[in-house]
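Participant: Submitted below is the structure of interest, expressed as structure tokens.
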Amino acid sequence: MSKIKVLYVEDDPDWREGLQSFFFGHENIELYACAATREECFALLRSEPADIVVMDIMLGDDKSSGLDATLDISVQYPHVKVIMLSSLDDNDDIFYEAFLNGAYDYLYKNEFEKLPDVICAAMHNQSSKYGDRLRKMVHEQKKSLLSDGDRQLLIMIADGKTQSQIAKELHVSLAAVKKHVGRILKKFNWEQSSSELADKCQKWGLLELESDKEDNR
């Protein structure tokens with residue numbers, strides 16, 4: 001039987017070296033490559049696909065880049081399962097977002113010895129013990145924050161339209177659009193750009209309008 005191919009994404013060289021030693025000669029698992037950045041991760045996935053990606057949350061100075069990478073993997077490589085391995089053990093928001101972004105499981109670094117069992121379970125089971133349930137719960141929570149008007153605005157932002165273009169298309173003032181965008185950002189406690197939020201909401205599957213759902217019934 002061929003070994004499970006694992007890619008480890010971690011910016012700390014000591015952890016990369018440590019896990020490589022930990023998995024060296026493993027009967028069922030091959031840690032075939034390590035990446036220090038999100039960019040290296042996707043370059044490796046393009047050149048030599050993985051079965052499992054073990055992902056750190058904090059890559060370099062970007063505290064959420066591991067979460068963002070997990071979301072992009074779930075969209076671009078839906079057959080690849082991502083296991084988060086993080087030292088962050090006191091942040092529920094990050095924990096829940098990891099599953100919303102498509103993570104199969106979440107381990108803390110002080111329990112890394114469990115990784116082989118979790119990796120093997122990920123290969124043999126379509127869903128994790130609680131990941132799908134958490135993903136659905138967080139998805140519904142995020143979804144409840146948005147009205148159809150919010151979704152319409154985020155769809156237009158995701159399509160690359162400027163606030164001035166949106167105001168013209170919706171026949172409202174630019175000030176009204178800016179105020180509406182501000183309300184959405186506040187709902188999500190979002191500190192980055194509105195285009196980044198719109199992109200993420202689109203990947204999360206939050207932007208389907210209720211009117212569209214009615215039309216499809």
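In terms of my numbering, the sequence shown has 189 at position 189, counting the first letter as 1, and numbering is strictly consecutive. C-beta: ideal position from N, C-alpha, C; glycine also.
Helix, strand or coil: which one does DSSP assign to R217?
Facilitator: Residue numbering aside, residue 217 sits at position 217 when the sequence shown is read from its first letter. Per-residue confidence for R217 stands at a pLDDT of 49, beneath the threshold of 50, marking its modelled position as unreliable; the derived number appears in the next sentence. Three-state DSSP puts R217 in coil, outside helix and strand.
Participant: I need the DSSP call for M156, collapsed to helix, strand or coil.
Facilitator: One-based indexing of the sequence shown puts residue 156 at position 156. Note: M156 maps to helix in three-state DSSP.
Participant: Terminal residues of the continuous alpha helix (DSSP H) containing K168?
Facilitator: In the sequence shown, counting from the first residue as 1, residue 168 sits at position 168. Counting along the chain, the alpha helix (DSSP H) containing K168 begins and ends at Q163 to L170.
Participant: Going by alpha carbons, who is nearest to Y108 out of K143, D89 and L146?
Facilitator: Position 108 of the sequence shown holds residue 108. Measuring from the Cα of Y108, the nearest candidate turns out to be D89.
Participant: I need the DSSP call for S86, collapsed to helix, strand or coil.
Facilitator: Residue 86 sits at position 86 when you count from the first residue of the sequence shown. Looking at S86 - three-state DSSP - the assignment turns out to be strand.
Participant: Helix, strand or coil: which one does DSSP assign to Y96?
Facilitator: The residue labelled residue 96 in the question sits at position 96 within the sequence shown. Here Y96 sits in helix by DSSP.
Participant: Quick one: what's got a C-beta closer than 7 Å to F188's C-beta in the same chain, skipping five residues either side?
Facilitator: For the purposes of this step, residue 188 is taken as residue 188 along the sequence shown, with counting starting at 1. Excluding positions up to five away in sequence, the list reads L145 and L197.
Participant: Quick check: V53 and Y32, are their CB atoms within less than 8 Å of each other?
Facilitator: Locating residue 53 in the sequence shown gives position 53, counting from the first residue. Locating residue 32 in the sequence shown gives position 32, counting from the first residue. Not a contact, by the Cβ cut-off of 8 Å.
Participant: Could you tell me how far apart the beta carbons of I73 and V118 are, in whole angstroms, since I believe they sit closer than 8 Å?
Facilitator: Taking the first residue of the sequence shown as 1, we reach residue 73 at position 73. Taking the first residue of the sequence shown as 1, we reach residue 118 at position 118. Their Cβ separation, rounded to whole angstroms, is 17 Å, which puts I73 and V118 out of contact at 8 Å.
Participant: In three-state terms, what does DSSP make of V80?
Facilitator: On the sequence shown, position 80 is the one that residue 80 refers to. V80: coil per DSSP, three-state reduction.
Participant: Is DSSP giving K179 helix, strand or coil here?
Facilitator: The count along the sequence shown starts at 1 and reaches residue 179 at position 179. Correct three-state label for K179: helix.
Participant: Can at least three beta-carbon pairs, one atom from the stretch 4-22 and one from the stretch 43-58, be found at a separation below 8 Å?
Facilitator: They touch, by the three-pair rule.
Participant: What does the alpha-carbon distance come out to for the pair R217 and K161?
Facilitator: Numbered from 1 along the sequence shown, position 217 holds the residue referred to as residue 217. Numbered from 1 along the sequence shown, position 161 holds the residue referred to as residue 161. Because the pLDDT at R217 is just 49, under 50, the model does not fix this residue reliably, and the value given afterwards should be weighed accordingly. One C-alpha to the other measures close to 30 Å.
Participant: Please go through the same chain and pick out, in chain order, the residues whose beta-carbon is closer than 6 Å to the beta-carbon of W15, but skip the five residues on each side of it.
Facilitator: Position 15 of the sequence shown, counted from the start, is the residue given in the question as residue 15. Within the same chain, W15 has no close Cβ partners at all.
Participant: For I4, which three-state DSSP category applies?
Facilitator: Stepping through the sequence shown from its first residue, residue 4 is reached at position 4. In this structure, I4 counts as strand in the three-state DSSP scheme.
Participant: Report all residues from its chain with a CB closer than 6 Å to the CB of S237; omit the five preceding and five following residues, and keep chain order.
Facilitator: Any answer about residue 237 is impossible in this case: the structure gives the chain only from 1 up to 217.
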